[in-house]
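If you use our numbering, the sequence shown closes out at 312, no skipped numbers anywhere.
Beta carbons are placed, not taken as given, at the ideal position from N, Cα and C, and that holds for glycine.
The block underneath contains the structure these notes are about, expressed in structure tokens.
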Amino acid sequence: MRKALSSISVLTLGAVLAATLAAGPLAAQTKPVAVQAVEPPAIEWDKKRLERLEKNVRKMEKALGQYNEQGEPFVIQPDPEVVALQGQVASLSGKVADLEEALQRVNGQLESSNFELTKARQAQNASAAQIDPLLARIAALESKMATMDTAAAPAPAKSTGSSASDFKAAKQMMLEGDYAAAEKAFETFVEAWTDSPETAEAWYNLGEIRFTGSDREATAVAYAYALKGWPKTKWAPEAAVKFSTALAGAGRNKEACAALAEYNKRYAEGASAALKTRATAAKTKAKCV
Numbered sequence: 024m025r026k027a028l029s030s031i032s033v034l035t036l037g038a039v040l041a042a043t044l045a046a047g048p049l050a051a052q053t054k055p056v057a058v059q060a061v062e063p064p065a066i067e068w069d070k071k072r073l074e075r076l077e078k079n080v081r082k083m084e085k086a087l088g089q090y091n092e093q094g095e096p097f098v099i100q101p102d103p104e105v106v107a108l109q110g111q112v113a114s115l116s117g118k119v120a121d122l123e124e125a126l127q128r129v130n131g132q133l134e135s136s137n138f139e140l141t142k143a144r145q146a147q148n149a150s151a152a153q154i155d156p157l158l159a160r161i162a163a164l165e166s167k168m169a170t171m172d173t174a175a176a177p178a179p180a181k182s183t184g185s186s187a188s189d190f191k192a193a194k195q196m197m198l199e200g201d202y203a204a205a206e207k208a209f210e211t212f213v214e215a216w217t218d219s220p221e222t223a224e225a226w227y228n229l230g231e232i233r234f235t236g237s238d239r240e241a242t243a244v245a246y247a248y249a250l251k252g253w254p255k256t257k258w259a260p261e262a263a264v265k266f267s268t269a270l271a272g273a274g275r276n277k278e279a280c281a282a283l284a285e286y287n288k289r290y291a292e293g294a295s296a297a298l299k300t301r302a303t304a305a306k307t308k309a310k311c312v
């Protein structure tokens, strides 16, 4: 029954098309008798349109002719161009998804870098906040020490009029083991020559002499002045470690840890293995985190 209906439908469609095509030229030849009715413009059946129509009719015939007895329709294959376009769309969608995933990874890395940078800045600010009060305390201590009674101290060495000569004389006393005289000579030197090329090293030598004693506050003062501006000298790394040790000995653990932080940042990379070991011991002594 379905095959008969399909054949009738195809024949009917063919008859309609034939009648339509035949009516075109026939209508053109017929002359109106009275009043001609207005009709919609006829479809212009050019060759390409007819070929396309014929192709669609054949597809319909093929589909209708291949119904099976159970009524399961024949599946018409999709247009290859549509399939190709769908494949391109799927490929582009995959690429967009990959780009979005890569962008998310980059954003995650940027957030992590910003977090680490923020932590580093916070640590630097915390270190500066600890160093500034320390310098103020050292200045106050130095002012207090300047008023101390020095009646029992050795007579101050006389200046030669040259910072280089005065430094050499004080250094010689230190090398000869006359630490009391050398200490006084260096104290006189840093008061007389506050801005000479040898001033920082004179403070360092003064710290070295005081380090052998028990006055850790005075020792820390000397090393603090020696390390002003954190000089790039051969003795600066050792001075920084001893500065921290002296501060810890004076009960100033926070300042000691701040001094070690500056040592790690400025000097640790080029320091000797022995000095690194001493720095580790100073960190333990000051209970640095």
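Boundaries of the alpha helix (DSSP H) around Asp-189: 186 to 198. Asn-79 and Leu-122 have their alpha carbons spaced roughly 42 Å apart.
The continuous alpha helix (DSSP H) containing Val-213 extends over residues 202 to 215. About 5 Å separates the Cβ atoms of Phe-266 and Ala-282, confirming a contact at the 8 Å cut-off.
In terms of Cβ geometry, Ala-269 and Ala-304 do not form a close pair [threshold 8 Å]. With a threshold of 16 other beta carbon atoms within 10 Å, Phe-209 meets it and is buried.
Here Val-213 has Thr-222, Ala-225, Trp-226, Leu-229, Tyr-248 as same chain residues with Cβ atoms under 8 Å from its own Cβ, once five neighbours each way along the sequence are excluded. Residue state for Ala-273 is assigned as coil, using DSSP reduced to three classes. Under the three-state reduction of DSSP, Gly-252 is assigned to coil, being neither helix nor strand. Val-264 counts as buried, since at least 16 other C-beta atoms from the protein chains shown sit within 10 angstroms of its C-beta. The Cβ atoms of Gly-200 and Arg-239 do not sit closer than 8 Å to each other. Taken in chain order, the complete alpha helix (DSSP H) segments of 4 residues or longer contained in the stretch 282 to 311 are 296 to 309. Leu-198 and Pro-260 have their C-alpha atoms roughly 21 Å apart. Residue state for Glu-224 is assigned as helix, using DSSP reduced to three classes.
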